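First residue of the sequence shown? That's 2 in the numbering used here, and the numbers climb one at a time after it. Structure, as structure tokens:
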Amino acid sequence: MTLNLRAPGLIVANYGRHFLVETDQGERLICHSRGKKSQGVVGDRVLWLASQDEGTIEKIEPRRNLFYRQDDVRTKTFAANLDQVLILLAAEPEFSSGQLSRALIAAEEQHITPLIALNKSDLTVPFARAWEWLLPYRNMGYDVIPLSLKDEAPSRQTLTQRLAGKTTLVLGPSGAGKSTLINCLIPGALVQTGVLSQALNSGKHTTTSTTWYWVDVEKTTALIDSPGFQEFGLNHIDPAQLAAYMPDLKPHVKNCKFYNCSHLHEPGCGVISAVKSSDSADEISVNRYKIYSDLYAELKGMRRY
Ligand SMILES: Nc1nc2c(ncn2[C@@H]2O[C@H](COP(=O)(O)OP(=O)(O)OP(=O)(O)O)[C@@H](O)[C@H]2O)c(=O)[nH]1
Ligand SMILES: [Zn+2]
């Protein structure tokens, strides 16, 4: 009999030790993890075993990557096996470039391609200001696209092209338009999620969970919605590697006199001279250098204990 055969599946939602697993036939069932620890994350390919009407996760297949943040208290995993991370910002409310940089660094560390979208282009004046604010990110090679989720579908064409055929984690500060985006691309998705989270979480109302959505019926394009852009801890990043994850700093490191340069005070530092340089194409913005030095101090401080 095939009853205790392990079958392949995909984790599409996770609430503590409860997982929603989608089978290769497209059915979804609730699974539990074996043991005390909840190890699976959304995007994991798993082998699951049926047990009465539910299932257990028996094995998690090796991951291509894992996008996560880490603060003093805990590690928060967002999702695994991603093609890209979409950071959704908006003209309003104003976003923090420190938070943006943290998410970009976490993506770089896991070799996940970031994509930045700036929403609410209909708000002309604040949009122009925010677009300007993103200039250093465009100069360092990031794909930054303008967006108006309020308008008709053609205004989303660039975004839908970037998403096609890929698995994308969507992150963004509150109010940038994450729910609007999910609703535009997958009508009815959020209503379903509410029902689902209640079923999985024993009736407790929660929206603080990561969820996988298929955008197309062929299941080639996926969006993963996850909260937690705020307080993006990077304790897992080695401060000595930090500059290597910042594309504007990285090319200048090779000009440093000392191989273990911290780029904070050393003489002959390539990074510091690029901050001072007036050669605009190649310069490092004062804001990004401040983000680097603050983060370096923060990460160094962690490691002292
Ligand atoms: N002007 C304008 N407003 C927009 C646009 N897209 C979304 N909004 C509005 O921005 C507000 C926030 O959008 P949401 O989609 O709820 O934002 P969110 O990122 O999901 O925010 P949280 O639910 O707090 O996480 C809503 O009032 C939207 O109607 C846009 O392109 N232009
Ligand atoms: Zn240096």
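C-beta atoms are modelled at their ideal positions from N, C-alpha and C, and glycine is treated no differently. All figures in this text were calculated on a predicted structure; none of them were measured in a lab.
As assigned by DSSP and simplified to three states, the class of residue i
i, result
"M303", "helix"
"R65", "coil"
"K77", "strand"
"N184", "helix"
"H206", "With a pLDDT of 47 at H206, under the threshold of 50, the modelled position of this residue cannot be trusted, and the question is left open."
"K277", "helix"
"N82", "coil"
"A107", "helix"
"I113", "coil"
"Y16", "strand"
"L6", "coil"
"I285", "coil"
"A129", "helix"
"G56", "strand"
"D144", "strand"
"R35", "coil"
"L124", "coil"
"Q71", "strand"
"Y297", "helix"
"E267", "coil"
"L101", "helix"
Contact set for residue i: own chain, Cβ-Cβ below 6 Å, skip 5 residues either direction
i, result
"D73", "none"
"P94", "G176"
"A14", "L21 and T212"
"L135", "V145"
"T114", "Q85"
"S286", "P137"
"S52", "none"
"G234", "R70, Q71 and D72"
Residue i burial status per 10 Å Cβ neighbour count (16 or more: buried)
i, result
"Q242", "exposed"
"T76", "exposed"
"I273", "buried"
"E307", "Because the chain in this structure spans residues 2 to 306, residue 307 falls outside the shown range and cannot be described."
"S227", "buried"
"R139", "exposed"
"S98", "buried"
"R70", "buried"
"L6", "exposed"
"K121", "buried"
"A244", "buried"
"V218", "exposed"
"R35", "exposed"
Chain-order list of residues whose beta-carbon lies under 8 Å from that of residue i (same chain, five-residue window excluded)
i, result
"K167", "D84, Q85, T222 and A223"
"E55", "L30, I31, C32 and H33"
"I183", "V171, A190, L191, Y214, L224 and D226"
"D25", "A8, P9 and G10"
"N236", "Q71, D72, D73, L300 and M303"
"E284", "A275, V276 and S278"
"F128", "A92, L119, K121, S122 and P147"
"V216", "L164, L186, I187, T222, A223 and L224"
"N261", "A241"
Residues near residue i by beta carbon distance below 7 Å, same chain, minus five either side
i, result
"D152", "D123"
"F230", "Q100, A104, L172, G173 and P174"
"A80", "V42, V43, G44, F68, L170, T211, I225 and S227"
"T159", "I146"
"S279", "none"
"M141", "P248 and D249"
"K179", "L89, V171, G173 and D226"
"S294", "L265"
"V47", "G10, I12, V22, G41, I58, K60, I61 and E62"
"T78", "V42, L67 and Y69"
Integer Cβ distance of residue i from residue j, believed to fall under 8 Å
i, j, result
"L150", "T125", "With 8 Å as the limit, L150 and T125 do not qualify as a contact, their Cβ atoms being about 16 Å apart."
"L89", "V171", "6 Å"
"L300", "P252", "Contact doesn't hold; Cβ gap of about 21 Å is too wide."
"A107", "L119", "Contact flag wrong, Cβ pair sits at about 20 Å."
"Q40", "I61", "6 Å"
"G269", "K258", "3 Å"
"N66", "H112", "6 Å"
Residue i beta carbon near ligand 4 (any heavy atom closer than 6 Å)
i, result
"H266", "By its list of ligands, the structure shown excludes ligand 4, since it contains just ligand 1 and ligand 2."
Output the residue ranges of the beta strand (DSSP E) runs that lie fully inside the stretch 212-258 and measure 3 residues or longer, sorted by chain position. 223-226
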